[in-house]
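The block underneath contains the structure these notes are about, expressed in structure tokens.
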Amino acid sequence: MAQPRHDVFSRNEMNKTGPRPLLLGYALALTGGLTLTFDIPTLRLADANLASALLFRSMLEVLAAIGIWAVWRSLRKDAPPLIPGWHGLLVSLFYGTGSIVFVTGVVASADEGATGAMLFLLATSPLIAALLAFFFLGERPAPATWIALILVLLGVGLIVGNPTAGSGFVKLCGFGVASLIAGAITVSRWSGKSMGFTPLIACVLPALMGGMMLVDGETAPEVGSWFWLAVNGAITLPIAFFCLAQAPRYIPAPQAALFYLLETTIAPIWLFLIFGEGITPLSLLGGALIVGAVAFDTVCQIRRRRRERRTVPFRGA
Numbered sequence: 009m010a011q012p013r014h015d016v017f018s019r020n021e022m023n024k025t026g027p028r029p030l031l032l033g034y035a036l037a038l039t040g041g042l043t044l045t046f047d048i049p050t051l052r053l054a055d056a057n058l059a060s061a062l063l064f065r066s067m068l069e070v071l072a073a074i075g076i077w078a079v080w081r082s083l084r085k086d087a088p089p090l091i092p093g094w095h096g097l098l099v100s101l102f103y104g105t106g107s108i109v110f111v112t113g114v115v116a117s118a119d120e121g122a123t124g125a126m127l128f129l130l131a132t133s134p135l136i137a138a139l140l141a142f143f144f145l146g147e148r149p150a151p152a153t154w155i156a157l158i159l160v161l162l163g164v165g166l167i168v169g170n171p172t173a174g175s176g177f178v179k180l181c182g183f184g185v186a187s188l189i190a191g192a193i194t195v196s197r198w199s200g201k202s203m204g205f206t207p208l209i210a211c212v213l214p215a216l217m218g219g220m221m222l223v224d225g226e227t228a229p230e231v232g233s234w235f236w237l238a239v240n241g242a243i244t245l246p247i248a249f250f251c252l253a254q255a256p257r258y259i260p261a262p263q264a265a266l267f268y269l270l271e272t273t274i275a276p277i278w279l280f281l282i283f284g285e286g287i288t289p290l291s292l293l294g295g296a297l298i299v300g301a302v303a304f305d306t307v308c309q310i311r312r313r314r315r316e317r318r319t320v321p322f323r324g325a
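So the number in my numbering is just where the residue sits in the sequence shown, counting from 1, plus 8.
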């Protein structure tokens, strides 16, 4: 019978399965997920057009990553590499391509009034991550995780209203982004390496796309507030993606992917408080389902890990 996991992954997982690393993984995922909820509000406050947002905020992310890494390395010798080997190259390719596909899908869905379909398909990322982890890593998601995945899909369905709207291209973009994020998380989990800076360096790809849009002369740079664009690109996204990219070292891929969906729930609340955008009762119910599902799965996994540790027999020398 074939071994369910690669040797590299087994060693890394054995070193990170205690209760403290597990709590660290959830703390990183929660911090990253909550920080990511400020992405859309700060970008809206920046009031930049598509090309400017792609170019300048992506450049800020790359510069922030390089700056933090340089300071870290000058103070301590344990700074993780910006792109750790071929695993890092693959993860950066997933994240960079995902950013481009996401922007393309958002533009197309806005033209068609089908943002709901895009969001709903993005919410399948944890499910795809669970399947990838099962087939490639041999990780069997716990029953609590499957329950959480179903509740999340139901919650997103309530938020977006009509998840079947939109063209096949929009749906392909949504599913493509979900698959790329799931792939990046799964490779990060498999490698066991620190990938905190990798998604930030991957922003070179969307920056190039934004630059090409401006160079062609048909689009001019347009930024309403450089302050809020700097908050978005140099603070919000670096913190969010660093934490979210580190989390799969300590917790399974589908559980890490669940925390990306906090943005779907909490960002509309910030938009309501800042811009006065309305929130429907169904959106509140859907958001409560998503937050409840993430909390339920997290608590169940922590309790299960503690029970497993208590039942491990003591082995003397």
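Note that beta-carbon positions come from the ideal geometry of N, C-alpha and C, so glycine has one too.
- Query: Starting from Thr50 and walking both ways along the alpha helix (DSSP H), at which residues does that stretch end?
  - Reply: Asp47 to Ala54
- Query: If you draw a straight line from the alpha carbon of Asn6 to that of Leu51, how long is it in whole angstroms?
  - Reply: Shown here, the chain extends from 9 to 325; a query on residue 6 therefore has no answer.
- Message: Here's the rule: buried if 16 or more other CB atoms are within 10 angstroms of the residue's CB, otherwise exposed. What is Gly33?
- Response: buried
- Message: On the DSSP bridge list, what partners appear for Val231?
- Response: Ala56
- Message: Among the candidates Arg311, Leu281, Ser202 and Ile259, whose CA atom is the shortest distance from the CA of Leu97?
- Response: Ser202
- Query: Can you tell me whether DSSP reads Ile259 as helix, strand or coil?
  - Reply: coil
- Which of helix, strand or coil DSSP assigns to Ala210: coil
- Message: Can you give me the C-alpha to C-alpha distance between Leu293 and Ile74, rounded to a whole angstrom?
- Response: 41 Å
- Message: What would DSSP say about Ile74, mapped onto helix, strand or coil?
- Response: helix
- Whole-angstrom C-beta distance between Gly295 and Ile155, which should lie under 8 Å: With a Cβ gap of about 18 Å, Ile155 and Gly295 do not count as contacting.
- Message: Suppose contacts are defined by Cβ-Cβ distances below 8 Å. Is Pro214 in contact with Ser107 by that definition?
- Response: yes
- Would you check if there are 3 or more beta carbon pairs closer than 8 Å linking the segment 190 to 201 to the segment 246 to 263? yes
- Message: Between the segment 124 to 141 and the segment 218 to 236, can you find at least three pairs of beta-carbon atoms closer than 8 Å?
- Response: no
- Where Ser82 falls, given that 16 or more other Cβ within 10 Å makes a residue buried: exposed
- Identify whether Asp224 lies in helix, strand or coil by the three-state DSSP scheme. coil
- Item | Gly191: first and last residue of the uninterrupted alpha helix (DSSP H) it sits in | Gly176 to Ser199
- Could you name the residues of the same chain whose beta carbon sits closer than 6 Å to that of Tyr2, not counting the 5 residues immediately before and after it, in chain order? Nothing about residue 2 can be reported from this structure: the residues present for the chain run from 9 to 325 only.
- Below 8 Å on the Cβ atoms is my guess for Ala72 versus Thr227; work out the distance and round it to an integer in Å. About 25 Å separates the two Cβ atoms, so there is no contact after all.
- Message: Spatial neighbours of Ile274 within its chain, please: C-beta separation below 6 Å, excluding the five flanking residues on both sides.
- Response: Thr45
- Query: Looking at C-alpha atoms only, which residue of Ala131, Leu135 and Leu101 is the closest neighbour of Ala261?
  - Reply: Leu135
- Item | Where Pro92 sits in the DSSP three-state scheme | coil
- Item | Endpoints, alpha helix (DSSP H) assigned at Leu279 | Leu270 to Phe283
- Per DSSP, what kind of secondary structure is Gly300 in: helix, strand or coil? helix
- Task: Take Gly40 and list the residues in its own chain whose beta-carbon comes closer than 6 Å to its own, dropping the five residues that flank it on each side.
- Result: Ala248, Cys251 and Leu252
- Message: On the DSSP letters alone, give me the boundaries of the alpha helix (DSSP H) that Ile136 sits inside.
- Response: Ser133 to Leu140
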